Amino acid sequence: MKELLVILAQLDTLLKGGESIALATVVHVDGSAYRRPGARMLIDSQGNWWGGISGGCLEGDLLKKAQLAMFQQSIKRITYDTREDDPFQLGVGLGCQGLIEIVIDPIRANIERVKDSLERQINSGLPGFMRSQWVEDVLHISQIEQSVAAWDEGQQVFTEYLPARTRIWVVGNQFDASSLIELCLNLAWEVHWVGNTSKMRKDLQVRVAACYEWDSVSGLKSSDCLVLMTHDFDRDVQFLNQYVSHQTIQYLGILGPTKRFERLQKQLSCQLVSDISSPVGLDVGAEGPEEIAIAVVAEILAVQNNRDGQRLKYRTKTIH
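Here the sequence shown is numbered in the numbering used here, starting from 4 and rising by one per residue.
Below, the structure written as structure tokens:
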């Protein structure tokens, strides 16, 4: 999501000027590859780029092909095949064993349509599917409610799944809350901060989506994530009774040991309906606010992606 937001922000600037630009999109992957379908790379006429379509091994070659597409003002369809150890095939020895198909689109009107559609989907706050079809050099885009992410070579149709932007509520204004907020902002998550606003770091206040006093919280959604790190037992009880006890939340984490949580449950006015992580975070032996923030974010990602947080070397299924 962060990379996509960077590309959209850069498009705001580039589309206001008159220079040529191109947008490359990964539309199909077969086998192992660093990036998945939907990965994008924005290129300008000066050779600058944002985003990426691999781990850095294919970008240099793609840049040359994008320059040609911009010069000719025609869409290019590129295939990189790193499945065979062919010394004449670009990608040999790069570490991935897969086929990657990419569409390079230099048509400004098409890029504007992509930007508008992506922004509309992201701003909706909901996950969804976007279908792109290239008919000659014209791109047709539609948002659809249900589908399967896929690439139809014959029809030149790419259907991609766009997850909702993660929205997290961090409750507390101690230094460990600041560390979690900084990490979430670095991931381009939408952060809502609850606490004593007079004690919140001023540099972070201007970067989060919104700040709330303890008793002025509004807009909590079932798709949100929430982490309680107040270091105040009574405050946690009050907050849970007031805002959380009556609704389901995608992720609810509470700082503190198991005994504290057991004590806390006895003080609630009703049983919580959400699945609760307390102690919060994955078991990685985290020490200090920065490491704890990593453990918490890792657990949120595991919940969102329905994973168990084990080491990838023990995973028997495909990574993606």
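By construction, the Cβ of each residue, glycine as well, lies at the ideal position given by its N, Cα and C atoms.
This one's a predicted model, so the numbers in the text were calculated from it and none came from an experiment.
Check, Outcome
"Identity of the residues DSSP links to G376 by a beta bridge", "Past the boundaries of the shown model lies residue 376; the chain is included only from 4 to 323, so the question cannot be answered."
"Cβ neighbours of A301 in the same chain (closer than 8 Å, five flanking residues each side left out)", "G284, L285, V287 and G312"
"Expected contact under 8 Å - CB spacing of G131 and L165 to nearest Å", "6 Å"
"As assigned by DSSP and simplified to three states, the class of L102", "strand"
"Cβ neighbour criterion (16 or more within 10 Å) applied to E139", "exposed"
"G55 versus G198: straight-line alpha-carbon distance, rounded", "38 Å"
"Of the listed residues L223, A167, W217 and T162, nearest to R123 (C-alpha basis)", "A167"
"Identity of the residue in T261, R170, Q245 and R263 nearest L304 by Cα", "R170"
"Cutoff 8 Å; reference V151; Cβ partners in own chain excluding five residues on either side", "T162"
"Span separating the alpha-carbon of C273 from that of Q253", "19 Å"
"Minimum C-alpha distance to M203 - residue among D179, G222, S221 and N189", "D179"
"DSSP three-state assignment for T200, whether helix, strand or coil", "helix"
"Delimiting residues of the beta strand (DSSP E) encompassing G54", "W52 to G54"
"First through last residue of the beta strand (DSSP E) which encompasses L142", "V141 to I147"
"Per-residue DSSP class, three states only, for Q159", "coil"
"Nearest-angstrom Cα separation, counted from Y83 out to G94", "Here G94 scores only 47 on pLDDT, less than 50, and its place in the model is too uncertain to base an answer on."
"Cβ distance (whole Å) where V194 is taken to contact A212 below 8 Å", "6 Å"
"Segment contact flag, the segment 67-85 with the segment 7-26, C-beta cutoff 8 Å, min 3 pairs", "yes"
"Reduced DSSP category for C273 - H, G, I as helix; E, B as strand; rest coil", "coil"
"Distance between T319 and S277 (C-alpha atoms, nearest Å)", "30 Å"
"Inter-residue spacing [alpha-carbon to alpha-carbon] between V174 and K224", "15 Å"
"8 Å Cβ shell around M73 - same chain, five flanking residues per side excluded", "S23, I24, A25, I46, S48 and P109"
"Continuous alpha helix (DSSP H) assignments of at least 4 residues falling wholly in the segment 12-85", "62-75"
"For R123, the first and last residue of its enclosing alpha helix (DSSP H)", "R111 to S127"
"Burial state of N176 (16 or more Cβ within 10 Å)", "buried"
"Local Cβ density within 10 Å of A296, reported as buried at 16 or more and exposed below that", "buried"
"DSSP bridge partner residues for V287 (one or two, in chain order)", "Its beta-bridge partners do not exist; DSSP assigns none."
"Buried versus exposed call for N113 [16 or more other C-beta atoms within 10 Å across all chains shown]", "buried"
"Sub-9 Å separation of F236 and L267 beta-carbons", "yes"
"Local Cβ density within 10 Å of I147, reported as buried at 16 or more and exposed below that", "exposed"
"S281 versus E265 - alpha carbon distance", "9 Å"
"For G157 and D227, the rounded distance between their alpha carbons", "39 Å"
"For P260, the nearest candidate out of H234, Q250 and Q270 (CA to CA)", "H234"
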